[in-house]
Amino acid sequence: MVDKVRIATTSLAGCFGCHMSFLDIDEKLLDLIELVEFDRTPITDIKTCGPCDVGLIEGGVCNSHNVHVLKEFRENCKTLVAVGACAFNGGIPALRNHYELKDCLEESYINGIGIENPQIPNDPEVPLLLDKVHPVHEVVSIDYFLPGCPPSAEAIWTFLNELLSGQEIVLPYTALHYD
Ligand code: SF4
4 MVDKVRIATT SLAGCFGCHM SFLDIDEKLL DLIELVEFDR TPITDIKTCG PCDVGLIEGG
64 VCNSHNVHVL KEFRENCKTL VAVGACAFNG GIPALRNHYE LKDCLEESYI NGIGIENPQI
124 PNDPEVPLLL DKVHPVHEVV SIDYFLPGCP PSAEAIWTFL NELLSGQEIV LPYTALHYD
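Quick note on this note's numbering: the sequence shown kicks off at 4 and runs consecutively.
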């Protein structure tokens, strides 16, 4: 029996749209499941990343927990892939980088419209926000970048097929245009 490739996935500061696009490969998931097994993913609900062949990272890095998870993936995954715009340039969450963190917090929890009982959350259980949202390659080294918001199911399927079979990764134009 052929050893299966072990894959972990996570969403840092992302919207899970990239994960949903992954699920959009539909019936090809049945082909994929013949080749891979899953470690930490939102599907398996495993909370820590163990030794893996491939780690797929959705989302940018906005808080201390994201940093911890990303470093854990880098330590455990032979190949680490930044999936989607938020992972490789911060995406939508990085729009807050135009403002000071203090101003973002005050607008969200003190001065915004409709806020009752204004106070900025300060519980040790809540991960500390970083001053800015960072793309993942500013925190750990990344082996591949898969663009798109989200990358299409076709792009994800092509990428995984080529990666798992050891081919050079060549995504067709149809998988990489966004109009
Ligand atoms: Fe969501 Fe797009 Fe960011 Fe993926 S790249 S997490 S789809 S906003």
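By construction, the Cβ of each residue, glycine as well, lies at the ideal position given by its N, Cα and C atoms.
**OP:** Output the boundary residues of the beta strand (DSSP E) element that contains C55.
**Re:** Position 52 of the sequence shown, counted from the start, is the residue given in the question as residue 55. Where C55 is concerned, the enclosing beta strand (DSSP E) stretches over C55 to E61.
Original post:
Is the distance from the Cβ of S24 to the Cβ of P45 below 9 Å?
Top reply: The residue given as residue 24 occupies position 21 in the sequence shown. The residue given as residue 45 occupies position 42 in the sequence shown. Result no, Cβ atoms of S24 and P45 do not sit closer than 9 Å.
Original post:
V86: which of E103, N69, L59 and G94 sits nearest, CA to CA?
Top reply: Start at 1 with the first residue of the sequence shown, and residue 86 comes out as number 83. Closest option to V86, Cα to Cα, is L59.
Subject >> Endpoints, the alpha helix (DSSP H) within which L104 is located >> reply: Within the sequence shown, residue 104 is the residue found at index 101, counting from 1. Run containing L104: L104 to E109, per the alpha helix (DSSP H) assignment.
Subject >> Environment of the ligand SF4 in chain order, Cβ to heavy atom below 6 Å >> reply: G17, C18, G20, C21, E61, G62, G87, A88, C89, G94, I95, C152 and P153
**OP:** Can you tell me which of the three DSSP states C65 falls into?
**Re:** Here residue 65 corresponds to residue number 62 of the sequence shown, with the count starting at 1. Strand at C65.
Subject >> Rounded Cβ spacing between E75 and C52 (contact assumed at less than 8 Å) >> reply: Sequence index remark: in the sequence shown, residue 75 carries index 72 (1-based). Sequence index remark: in the sequence shown, residue 52 carries index 49 (1-based). The Cβ separation is near 5 Å, so the contact holds.
Original post:
Does the distance from the C-beta atom of S1 to that of D27 stay below 9 Å?
Top reply: What the structure shows of the chain is the stretch from 4 to 182, and residue 1 is not part of that stretch, so it cannot be assessed.
Subject >> Own chain, CB closer than 7 Å to N66, minus 5 neighbours either side, in chain order >> reply: Position 63 of the sequence shown, counted from the first residue, corresponds to residue 66. Once the five neighbours on either side are set aside, the close Cβ partners of N66 are P130, L131, L132 and L133.
Original post:
CB-CB under 7 Å to E128, same chain, minus the five flanking residues each way: which ones, in chain order?
Top reply: The sequence position of residue 128 within the sequence shown is 125, counting from 1. Once the five neighbours on either side are set aside, E128 has no close Cβ partner at all.
Original post:
In three-state DSSP terms, what is V72?
Top reply: Along the sequence shown, one-based indexing puts residue 72 at 69. Three-state result, V72: helix.
**OP:** Kindly indicate the opening and closing residues of the beta strand (DSSP E) around S14.
**Re:** As a position in the sequence shown, residue 14 is number 11, starting the count at 1. Note, S14: beta strand (DSSP E), V8 to S14.
Subject >> Beta carbon of I123 nearer than 9 Å to that of L83 >> reply: Numbered from its first residue, the sequence shown carries residue 123 at position 120. Numbered from its first residue, the sequence shown carries residue 83 at position 80. Against a cut-off of 9 Å, the Cβ pair of L83 and I123 comes out as no contact.
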